[in-house]
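Peer 1: Going letter by letter, the sequence shown gives residues 661 to 1275 in the numbering used here. Handing you a structure now.
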Amino acid sequence: MTDNRNTILAVILSGFVLIAWQYFYNVPQMEKQRAQQQAQAELQKTTPQPTASATPGATPQAGGAAQPSTPGASPAQPVVARDAAIAASPRVKIDTPRIAGSISLKGGRIDDIALVQFRETVDPTSPPIILYSPSGTAEPYYAEFGWVAATGVTAKMPDAQTVWQQEGSGSLTPTTPVVLKWDNGDGLTFRRTVSVDDHYLFTIKDEVSNVGNAPVTLYPFALISRHGAPQVSGYYILHEGLIGYLGDQGLQEYAYKKIDEAKKVDFKVTNGWLGITDKYWASALLPDTNAQLQARFSSNASGNLHTYQTDYLLDPVTVAIGSTATANARLFAGAKEAGVVGVFPFAGLGGYNKELGLNHFDLLIDWGWFYFITKPMFLGLDFFYRFFGNFGISILLVTVIVKLLFFPLANKSYASMAKMKSIQPQLQALKERYPDDKVKQQQEMMEIYRKEKINPVAGCLPVVIQIPVFFSLYKVLFVTIEMRHAKFYGWIKDLSAPDPTNLFNLFGLIPFDPTTIPVFGHYLALGIWPIIMGITMWFQMKLNPTPPDPTQQIIFNWMPLIFTFMLAGFPAGLVIYWAWNNLLSVVQQSYIMRRNGVKVELFDNLKATFAKKAT
């Protein structure tokens, strides 16, 4: 066994993980996503979207259980532009620091929301992110609240065609709620008060007054409806679709394909919330934590298109003659910001999760199975961001802290590697003494390891430790909105996206995108930071003596280049981390080698490499 064997094994292990990840996952997913986008674009050109009414027309069952009906599509109609659909009905403007939009008086729906603090691209003048859109548009998405009549109640109820009247005038702002009113002309008056905070929380208070000649029994309901399957990232590490934390049943996640197969899933829970989540945005119903819910996830097909819905019914309320019944609901509709959702359970930063006493609302952000690594990684990055205002600097500092935390373990590993170098003459002598007896060589080697107190697998530990840190940082960069469009310095305008420069078009001098070349174009994304990462990895390899075995030499020579291309398509923040980690590893290993009396051969090996090339 040579002194480099453990390092080679560690490099091969990590290289295999990255290559397998790229080949079997990233590349197929990229192709799948492109195909889905093309198919959906063609579908929208040829197939009109349904203008479904998602108002539950309930048919309560015997015994008091009521279920809202699955939305049924109206006859297909031409898709209209979003602006035209908004202008087609009277509306109340929504005006907050983070949300612009409106409430439709026709149907009383919240169906027009734009997130003004987030843009489609890194260009601050690009359009804001559109979350909600009305029925009749290409991508209807809205929330609706109200009452469902119990069995035997014939009173007219407000539905998707009902036109509400606004009491007073003015816009919905964090300081000015709006009140909507509708009279059914038969003794029932419905009044809805909508409030909004300065983030993404709507509070809805529905009241119904009965001045008729008989009591009525009604069921409060709330729903979120989305027409058509949206474009999703398509990555296994991220959930997009229907989501909820439903009491004792815990976190429930249904991707669009999964709920298409199930059609409908019912839950009876207390202390739950439910909604629909995208990568960075979400819409969720947040009922009172002590409310008993008849909750449901559902998918209703209309031709090739589906309507996805999360909804719930509360216990029935009987409105006596001359009395008023009240139902309260809450709606989250916005960006999945960690501080707003409630990831931080300290320092007054508990967000909605703590303020509203919700049940694990922080899981709206998909931290994954390894949340015990992923979440601390994010908390560390966010902590330094609050001081320096740059997530790139945060990545560099967190890398240093990780290095310090694992320094004792790395110290033992590098010290063992240094001892391996010091006994190299003894190992070479064994090969010469027993040239044809491999068993005897191994026995004598193990005896030398035991005598010198060397752990032959210690060299694997630095890379093995780095792998979970690598993937936790990858997860944070991929799923957290805080990393979206997070700038570093120079040309890096988005740490969550790959380095935008490219060697194969001379870093922008040639107006050509090599990644658009069919079949192998995605391998031609090679920016400046991946090249820097490859160089630092090459330095780290050259820190060790050139192995005598030709196969090992090939591995050492080609591994930095392979990693350079494999990491080129990863988020820039991850590549910066790897480059910085390589540099710190070179410094750390050099220090430990000197302390153990072993010569640092980095510059000698570099000179030898260039000398060979010159020869």
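Idealized CB from N, CA, C, for every residue including glycine.
Looking only at DSSP bridge pairs, what is residue 1165 linked to?
Peer 2: Paired residue(s): none; residue 1165 is not in a bridge.
Peer 1: I'd like to confirm the pairing. Which residues does DSSP put opposite residue 985 in its beta bridges?
Peer 2: Partner(s): 868.
Peer 1: Quick check on DSSP: helix, strand or coil for residue 821?
Peer 2: If DSSP states are grouped into helix, strand and coil, residue 821 belongs with coil.
Peer 1: Give me the residue from 819, 766 and 834 with the minimum Cα distance to residue 826.
Peer 2: Minimum Cα distance to residue 826 is reached at 766.
Peer 1: Just confirm the distance between the C-beta atoms of residue 944 and residue 792, as a whole number of angstroms; I'd bet it's less than 8 Å.
Peer 2: Between residue 792 and residue 944 the Cβ distance is about 13 Å, and since that is not below 8 Å, they are no contact.
Peer 1: Does the separation of the CB atoms of residue 942 and residue 1014 fall below 8 Å?
Peer 2: In this structure, residue 1014 does not lie closer than 8 Å to residue 942 by Cβ.
Peer 1: Given a cut-off of 8 Å, decide if residue 1220 and residue 1158 are closer than it, judged by their beta-carbon atoms.
Peer 2: Cβ atoms of residue 1158 and residue 1220: not closer than 8 Å.
Peer 1: Assuming residue 1188 and residue 1167 are in contact, meaning their beta carbons sit under 8 Å apart, how far apart are those beta carbons, in whole angstroms?
Peer 2: Yes, residue 1188 and residue 1167 are in contact; Cβ-Cβ is about 7 Å, under 8 Å.
Peer 1: Give the range of the alpha helix (DSSP H) segment to which residue 1027 is assigned.
Peer 2: From DSSP, residue 1027 is part of no alpha helix (DSSP H); its letter is neither H nor E.
Peer 1: Can you list, in chain order, the residues of its chain whose CB lies under 6 Å from that of residue 1004, leaving out five sequence neighbours each side?
Peer 2: Excluding sequence neighbours, residue 1004 sits near nothing in its chain.
Peer 1: Determine the DSSP secondary structure at residue 1198, reduced to helix, strand or coil.
Peer 2: Of the three classes helix, strand and coil, the one that applies to residue 1198 here is helix, per DSSP.
Peer 1: With a cut-off of 8 Å on the beta carbons, I'd call residue 881 and residue 971 a contact; round off their distance for me.
Peer 2: Confirmed, about 6 Å.
Peer 1: I'd like to check one pair, residue 968 with residue 902: are the Cβ atoms closer than 8 Å?
Peer 2: Contact flag set, yes.
Peer 1: For residue 742, which three-state DSSP category applies?
Peer 2: Here residue 742 sits in helix by DSSP.
Peer 1: With DSSP collapsed to three states, give me the class of residue 996.
Peer 2: Correct three-state label for residue 996: coil.
Peer 1: Report yes if the C-beta distance between residue 904 and residue 955 is below 8 Å; otherwise report no.
Peer 2: Against a cut-off of 8 Å, the Cβ pair of residue 955 and residue 904 comes out as a contact.
Peer 1: Given residue 988, which residues of its chain have a CB within under 6 Å of its CB, disregarding the five upstream and five downstream residues?
Peer 2: 865, listed in sequence order.
Peer 1: Let me check one thing: in DSSP terms, what residues is residue 913 bridge-paired to?
Peer 2: DSSP lists 903 as partners of residue 913.
Peer 1: Return the Cβ separation of residue 1191 and residue 1140 in integer angstroms, given the expectation that the two are a contact with Cβ distance under 8 Å.
Peer 2: Incorrect: roughly 27 Å between the Cβ atoms, too far for contact.
Peer 1: Would a C-beta distance cut-off of 8 Å place residue 1136 and residue 1037 closer than the cut-off?
Peer 2: Yes, the Cβ-Cβ distance between residue 1136 and residue 1037 is below 8 Å.
Peer 1: Distance check for residue 812 and residue 721, CA to CA, integer angstroms please.
Peer 2: For residue 721, the predicted model reports a pLDDT of 39, less than 50, meaning its position is unreliable and no value from the coordinates is stated.
Peer 1: For residue 1182, which three-state DSSP category applies?
Peer 2: Reduced to three states, the DSSP call for residue 1182 is helix.
Peer 1: What is the C-beta distance between residue 1063 and residue 1234, in whole angstroms, given that I count them as a contact (C-beta under 8 Å)?
Peer 2: That pair is no contact at about 16 Å.
Peer 1: Under 8 Å between the Cβ atoms of residue 951 and residue 930?
Peer 2: Yes, the Cβ-Cβ distance between residue 951 and residue 930 is below 8 Å.
Peer 1: So is residue 1142 buried or exposed if we call it buried at 16+ other beta carbons inside 10 Å?
Peer 2: By the neighbour-count rule (16 or more Cβ atoms within 10 Å), residue 1142 is buried.
Peer 1: Any contact between the region 814-833 and the region 766-776? By contact I mean 3 or more CB pairs, one from each, below 8 Å.
Peer 2: As far as the Cβ criterion goes, the region 814-833 touches the region 766-776, which means the pair count is three or higher.
Peer 1: Leaving out five residues on either side along the sequence, give the residues of the same chain with a beta carbon under 6 Å from the beta carbon of residue 1255.
Peer 2: Within the same chain, residue 1255 has no close Cβ partners at all.
Peer 1: Alpha carbon to alpha carbon, how far is residue 711 from residue 807?
Peer 2: Reliability fails at residue 711, whose pLDDT of 34 lies under 50, so the model's placement of it is uncertain and the value that follows must be treated cautiously. If I take the Cα positions, the gap works out to 21 Å.
Peer 1: What are the residues that DSSP puts in a beta bridge with residue 859?
Peer 2: In the DSSP output, where bridge partners are listed per residue, residue 859 has none listed.
Peer 1: In the DSSP assignment, what are the bridge partners of residue 1145?
Peer 2: In the DSSP output, where bridge partners are listed per residue, residue 1145 has none listed.
Peer 1: Beta strand (DSSP E) containing residue 941: first to last residue?
Peer 2: Taken as a continuous stretch (DSSP letters only), the beta strand (DSSP E) holding residue 941 covers 941-945.
Peer 1: Alpha carbon to alpha carbon, what distance is there between residue 1156 and residue 876?
Peer 2: Answer to the nearest angstrom: the Cα atoms are 54 Å apart.
Peer 1: For a test of the three-state rule: what should DSSP assign to residue 962, helix, strand or coil?
Peer 2: Here residue 962 sits in strand by DSSP.
Peer 1: In whole angstroms, what is the alpha-carbon distance linking residue 934 and residue 1128?
Peer 2: So the alpha carbons of these two residues sit roughly 31 Å apart.
Peer 1: Cα separation between residue 1160 and residue 1174?
Peer 2: Each residue's Cα considered, the two are about 12 Å apart.
Peer 1: According to DSSP, simplified to helix, strand and coil, what is residue 697?
Peer 2: Annotation note: pLDDT 43 at residue 697 (below 50); position unreliable, no value reported.
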